[in-house]
Amino acid sequence: MNLLKNSNSKLCLICRGGKLLCGKIRCPVIAKAEALLKFETTIYNRSIQGSTPPAVFVGRIGYPKINIGPMIPPFFGDTEILDTPELWMGKKIEDILDYRFSLIRGKSRSDIFEAQNPGKLLGELQELAMGKKPVDTEATFKKKPTRVLALNEYSQPFGPSAPLKTFKTTNVSVDSRIEKNFNDTDMTASDSIYSLYNAGVLITRIQRTFSLGMFGLSKRRKLVPTRWGITAVDSTLSKRLVKEIKQLPTIDEYQVFTFTNIGNIYAAIFIPERWSFEWIEAWYPKTFWNLLGQSPELMGDFEPYEGRSKYASVGGCYYSARLALAEKLKKDRRQATGLILREIHPEYILPVGVWNVRESIRELLKTKPMKFDTFPKAMSHALKVLTIPANGWAGNSKIMRDALFQKKISQYFHRSKDEIS
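Structure follows, in structure tokens:
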């Protein structure tokens, strides 16, 4: 607790445990949450048998020397839901934590360039990741798994882990769509990702196989830490979709979508102009990244029609939201300026990964939009659901400021015309 007393809420929001901007060697916020989730190891031994969803893990600590391994539950059956965030919408955070805690990670050291010439374990993991359904496996560990839940803002939580000693799988029924791209060493990773997406492969499965270095030119393949791979796939796909969207006509009116999920309130405003995008989120006091603040902390990122060259300061959720937005516009065969606002309230007790943003925005944009003829009317409707007032958002939103400024300019010219006449 002492570590948290001098915590700066804005610094925590920018850092989110990944950059250690406070100067500490370990994020005190994450450390506290993980400590609360620890309890005595009384169930797990040094061996395990069960049906992996399939699930694999690629770590980042020590990069480019990293840990890789399978994730296995201590039971058999249909375990797909344990590692498929696309199935988690509507679930409670406690349910999601249960899913993740049931998966035990076996860890073995590797080098990111091993993807160019996979050894026995990596080869087995790559085959496993191509599986169409859960695979029966067994593993032994060098010591009992440590029973603690690992949390971060980007990937879904990870459960107990231990150094891997042996690992065996039964026959894997592979997905031919993934296998085809895996075997094509002349196709770029970006093209493989987009090909699989268009073939209907779940984004989670694309991210899983991408992290294992299974796509791209043979001499350029490498392992990618899971948390980086998730954002890389979201970014790659959304960039491709946005390129296509820019060739489409704009929408004809302002559209507003609203949605609430696990302590998160979302509002999206579509503006009848050419493509640009802004994502803003507000963390309320007593939420994970604003534990000690006295008021909501807001931050966000914007990209113009030309796109952005720097990584979004708000992190991976920006790219997850951009992907969901781009999917909707492509489906509607239209382009628009998109403003998405997110409020995070204390009911959102722990970060469960950027999948939550992607799937929530997908659900948000499935709802029937309210339509308006002006931006102020559209914003006024969104504020009926949001709890932060308009000036709070406008202070952090380029799109809002531009829209309101343009309104004032048009009113000025209208008045001037009346005065002249």
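Just add 1382 to the spot in the sequence shown (first one is 1) and you have the working numbering. Backbone N, C-alpha and C fix where the C-beta goes; we use that ideal spot for every residue, glycine too. This structure is a prediction, so every number in the text was calculated from the model and none was measured.
Check: Same chain, Cβ closer than 6 Å to M1596, five either side skipped, listed in chain order; Outcome: Q1508, F1564
Check: C-beta contact flag for K1392 and F1495 at 7 Å; Outcome: no
Check: Coil, strand or helix - T1613 by DSSP; Outcome: helix
Check: Other residues of its chain near N1643: CB distance less than 6 Å, five sequence neighbours each side excluded; Outcome: S1742
Check: Host beta strand (DSSP E) of Q1508 (start-end); Outcome: Looking at the DSSP string, Q1508 is not in any beta strand (DSSP E); the run it does join, the alpha helix (DSSP H), is 1502-1511.
Check: Closest by C-alpha distance to R1715, when choosing among A1694, R1690, L1623; Outcome: L1623
Check: Where M1453 sits in the DSSP three-state scheme; Outcome: strand
Check: Distance CB(A1497)-CB(R1590) smaller than 7 Å; Outcome: no
Check: Cβ-Cβ distance between F1684 and K1780 below 7 Å; Outcome: yes
Check: Neighbourhood of L1395 by C-beta, 7 Å cutoff - its chain only, sequence neighbours within 5 removed; Outcome: W1665, W1671, N1672, E1679, M1681
Check: Residue interval of the alpha helix (DSSP H) (run including R1590); Outcome: 1585-1593
Check: Coil, strand or helix - K1515 by DSSP; Outcome: coil
Check: Span of the beta strand (DSSP E) around N1427; Outcome: It is not in any beta strand (DSSP E) - N1427 carries neither H nor E in the DSSP assignment.
Check: Cβ neighbours of L1619 in the same chain (closer than 7 Å, five flanking residues each side left out); Outcome: I1575, Y1576, Y1579, L1705
Check: The stretch 1467-1477 contacting the stretch 1441-1455, beta-carbon criterion three pairs below 8 Å; Outcome: no
Check: CB contact flag (S1702, R1740, <7 Å); Outcome: yes
Check: Straight-line gap, D1518 to G1735 (C-alpha atoms, nearest Å); Outcome: 27 Å
Check: Among V1411, G1459, I1412, K1447, the one whose alpha carbon lies nearest that of G1432; Outcome: G1459
Check: P1527 vs I1478 beta-carbon contact at 7 Å; Outcome: no
Check: The stretch 1631-1645 in contact with the stretch 1744-1764 per 3-pair CB rule at 8 Å; Outcome: yes
Check: Under the three-state DSSP convention, the category K1710 falls into; Outcome: helix
Check: Contact between the stretch 1720-1731 and the stretch 1599-1618 (3+ Cβ pairs under 8 Å); Outcome: no
Check: Sheet register partners of M1353 (DSSP bridge); Outcome: Nothing about residue 1353 can be reported from this structure: the residues present for the chain run from 1383 to 1803 only.
Check: Residues sharing a beta bridge with T1434, DSSP; Outcome: V1517
Check: Cβ distance (whole Å) where P1452 is taken to contact A1521 below 8 Å; Outcome: 7 Å
Check: DSSP three-state assignment for R1559, whether helix, strand or coil; Outcome: helix
Check: Whether T1608 touches F1439 by CB criterion (7 Å); Outcome: yes
Check: Within 7 Å, strictly: CB atoms of W1657 and Y1687; Outcome: yes
Check: Residue from I1770, P1771, T1570, Y1636 whose Cα sits closest to the Cα of A1718; Outcome: Y1636
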